[in-house]
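In the numbering used here, the protein residues as written are 6 to 298.
Following: one structure in structure tokens, then a few remarks.
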């Protein structure tokens, strides 16, 4: 960056203005996608914590860049390559209209690449690296938001199946019943009490948060690609397991302790939720510590 007597060169200001204008143009192109993602995240309670994880990662990345005063406003090959790749993916969305899941993937990848390209123009490669956890988080959040409706009943089924298996191993007789209706209800019968495995109990919120936390932590701690993939692969079964344990703990507490059901439900739910995320954080930090030795 060149400096004039006034502190900042004219070329720098022109480049900065062009980059900002380009960013605004791209924002207008992706506005429908971003509005859909924002509305879906706000409307689906199970996506709230995942959205907060992405926002948190974005704030941390921007804070790093602001502190380093790393605004370069230069048109680099990296930025150009990322934006071109993003626009190619955006064009491919039209070709994939027959396959909604593929179209969503291409749309989210397109936005993430374009956002990374503008970041490269503004902050250089260092900026892309700093915001990569948030960029990957946005990608995963968008994919999960689109897959949410189709994952509801499969996740409910796994939650009921695994929690019933654990309770049976503990010597507790469990009845699992699918009650017909509009909508149908998945019920657990334990010691004369009926527990409804509702949509809120399917573990999708924990699954979303676990996958996002694994992705963000993997990039934040700069783990190797093998370790990042391993952390992501661990996040899904870990979320399913802890959601089943949540149902088990709630069922046992509700049938043995004279406590209000909502206190039991929210209390044990929070403990299991936090435990799964803390395990992912501990593993990521441990791997990072070993790499730094």
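Ideal placement from N, C-alpha and C gives every residue a C-beta, glycine not left out.
Just so we're clear, the structure is a prediction, and the values are computed from it rather than from any experiment.
Cβ neighbours of residue 196 within its own chain (closer than 6 Å, five residues either side excluded): 260. Unbroken alpha helix (DSSP H) runs of no fewer than 4 residues, entirely contained in the segment 7–49, are found at 15–48, following chain order.
Judged by their CB atoms, residue 144 and residue 113 are nearer to each other than the 7 Å cut-off.
In the DSSP assignment, residue 193 falls within the unbroken beta strand (DSSP E) covering 190–195. Rounded to the nearest whole angstrom, the C-alpha separation of residue 212 and residue 150 is 12 Å.
Boundaries for residue 208: no alpha helix (DSSP H) harbours it, and the DSSP string shows neither H nor E there. Taking 7 Å as the cut-off, the Cβ atoms of residue 121 and residue 226 do not count as close.
7 Å or more divides the Cβ of residue 59 from the Cβ of residue 148. In the structure shown, the three-state DSSP call for residue 174 is helix.
For residue 156, the closest C-alpha among the options 206, 47, 118 and 250 is that of 206. The residues 112 and 116, in chain order, have a CB closer than 7 Å to that of residue 38 in the same chain once the five nearest residues on each side in sequence are set aside. Rounded to whole angstroms, residue 125 and residue 78 show a C-alpha spacing of 9 Å. Inter-residue distance for residue 103 and residue 201 is about 36 Å (C-alpha atoms, whole angstroms).
Closest in alpha carbon position to residue 65, among 276, 255 and 139, is 139.
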